[in-house]
Every structure is written in C-alpha cells, then in structure tokens.
Amino acid sequence: TQLLEQSPQFLSIQEGENLTVYCNSSSVFSSLQWYRQEPGEGPVLLVTVVTGGEVKKLKRLTFQFGDARKDSSLHITAAQPGDTGLYLCAEDNYGQNFVFGPGTRLSVLP
Amino acid sequence: DAGITQSPRHKVTETGTPVTLRCHQTENHRYMYWYRQDPGHGLRLIHYSYGVKDTDKGEVSDGYSVSRSKTEDFLLTLESATSSQTSVYFCAISGRLDTQYFGPGTRLTVL
Numbered sequence: 013t014q015l016l017e018q019s020p021q022f023l024s025i026q027e028g029e030n031l032t033v034y035c036n037s038s039s040v041f042s043s044l045q046w047y048r049q050e051p052g053e054g055p056v057l058l059v060t061v062v063t064g065g066e067v068k069k070l071k072r073l074t075f076q077f078g079d080a081r082k083d084s085s086l087h088i089t090a091a092q093p094g095d096t097g098l099y100l101c102a103e104d105n106y107g108q109n110f111v112f113g114p115g116t117r118l119s120v121l122p
Numbered sequence: 054d055a056g057i058t059q060s061p062r063h064k065v066t067e068t069g070t071p072v073t074l075r076c077h078q079t080e081n082h083r084y085m086y087w088y089r090q091d092p093g094h095g096l097r098l099i100h101y102s103y104g105v106k107d108t109d110k111g112e113v114s115d116g117y118s119v120s121r122s123k124t125e126d127f128l129l130t131l132e133s134a135t136s137s138q139t140s141v142y143f144c145a146i147s148g149r150l151d152t153q154y155f156g157p158g159t160r161l162t163v164l
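Keeping their order, the protein sequence lines are chains A and B. Residue numbers for the first sequence follow our numbering, so the first one is 13 and each next one is one higher. Residue numbers for the second sequence follow our numbering, so the first one is 54 and each next one is one higher.
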C-alpha cells in the first residue's frame, strides 16, 4: 500500500509571504494531484502532474514534480487570505483508485 | 463545476439504525468513490465503483456497503450505525484515473 506524507501539517503565515508545502511517497507516483479544500466544502482539484521534473503554474501557485516521481511541492507566492484552506495531495493507486495524504492546513492572516 | 450532488447534507441518527447516503452525478463518469474525512486522518477511501454493479473495497470498508444500479447513482449504506462512523462523507467521480471531482459532503452524526 502506498503511503503519502505531507509537510508541514499546519502553517500560519502573514499575507504577502511565500510558502512551500511538500508531498512525499513511499513509492513512485504514476500521477499526482493537488487539491484545495475550504471549510464545509469538498476538495477542489488544482492540478495534475504526470512527468518527472514537471513544473506547472496556476497564477501564484507553482507545482513541481520530483525527477524521481516520488515527491512533489506546491509553492505559493505572495499568499493571500483567500489561499487559506487544507491542501491535499493524492496519487493514483496502481490504476485502481486514489490515495490521499493527510493534508497541510494553511492559514493566511491579513 | 462537475454535476455531483449528495443527499442528505446533514444527518443525525442513533446507534444501531441503518443509514443510506446518496451520491448522484450528471457527468456520466465511470468511476465513483466514497470517502470519509476525519481530523488527523485526511480522506480515506471506503468503497469505489468502476461501473454499474462493479464495486470494490477501499481502506476502511468495514461496516459499510455500497450499491450502484445506475451510472448516475452510488449509494453508501451503514447497516447499523456506530458512533465511530460519525464523520464527513464525500462522494467523488472520475472519468479517468488522474482527476476526481468531489461532492459537497454529508455530515453524519451518530449518537
């Protein structure tokens, strides 16, 4: 069974700061997804990364997939209060379903 | 937004009673999933379906059963609810195995 770890577990920063959160696996990803979940709602897909070394940008968010496809990072530039939420990574479990990490809970203070 | 709804959105029930949660999609996606989300555990897969009448167990399937008689509906049943099943339940759909869309969730409290 694949195991996903995310760090840090909690992060509280001031508006305007930069931050990076991490997702690591015990095995090679086939594909990795990043989600953001706001209180009282379901997770919303941000991005899917497939290729080792791949970098994707979504406005102020930069997603990177490690060369060995066992880790990924999400970097947020100039964080805003609207970025507050739970950030989850998930990987494809051998083409059958998905395995989620425990998440990083981000709080951006105005 | 993907067309996925869950009902009910909130439910309070007593230990030992049966409970059925419904997930409905309008996207004609092949795959459907039920997760539960608890503090400190993230999202854990209960059951999933890869087609009509085709289902399989996930990580935390004990005490739960599912049925999928139509492409658009995926039902999760707690045959005899226990307090440990108090949680927020999310349904998700997927047309391919690198993208999931989640419903709004059902908050279940078992007293």
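Don't be surprised by glycine CBs; every beta carbon is placed ideally from N, CA and C. Computed from a prediction, not measured in an experiment: that's the story for all the values here.
Original post:
Which residues in the same chain have their Cβ closer than 7 Å to the Cβ of PRO122(A), if we skip the five residues on either side of it in sequence?
Top reply: The count along the first sequence starts at 1 and reaches residue 122(A) at position 110. Taken in chain order, the residues that qualify are GLU27 and PRO93.
Subject >> the stretch 51 to 68 of chain A: positions lying closer than 8 Å to chain B by Cβ >> reply: GLY52, GLU53, GLY54, PRO55, VAL56, LEU57, THR60 and VAL62
Original post:
Cα separation between CYS76(B) and LYS69(A)?
Top reply: Your numbering for residue 76(B) matches position 23 in the second sequence. Your numbering for residue 69(A) matches position 57 in the first sequence. Their backbone Cα atoms lie some 32 Å apart in a straight line.
Original post:
For the beta strand (DSSP E) that contains ALA91(A), what are its first and last residues?
Top reply: Within the first sequence, residue 91(A) is the residue found at index 79, counting from 1. Segment: none, ALA91(A) is in no beta strand (DSSP E) and carries neither H nor E.
Subject >> TYR88(B) beta carbon less than 8 Å from that of LEU96(B) >> reply: Working through the second sequence from its first residue, we reach residue 96(B) at position 43. Working through the second sequence from its first residue, we reach residue 88(B) at position 35. Yes; because the gap between Cβ atoms is below 8 Å, this pair is in contact.
Original post:
Quick one: is PRO20(A) near chain B, going by C-beta distance under 8 Å?
Top reply: Working through the first sequence from its first residue, we reach residue 20(A) at position 8. So, not an interface residue.
Subject >> beta strand (DSSP E) segment containing VAL105(B), residue limits >> reply: Taking the first residue of the second sequence as position 1, residue 105(B) is located at position 52. It is not in any beta strand (DSSP E) - VAL105(B) carries neither H nor E in the DSSP assignment.
**OP:** Check each candidate in GLU66(A), ARG81(A) and LYS82(A) and name the one with the smallest Cα separation from PHE75(A).
**Re:** Position 63 of the first sequence, counted from the first residue, corresponds to residue 75(A). Selected option, being the one with the closest Cα: GLU66(A).
Original post:
In terms of alpha-carbon separation, which member of THR73(B), LYS110(B) and SER120(B) lies closest to ARG62(B)?
Top reply: Within the second sequence, residue 62(B) is the residue found at index 9, counting from 1. Ranking THR73(B), LYS110(B) and SER120(B) by Cα distance to ARG62(B) puts THR73(B) first.
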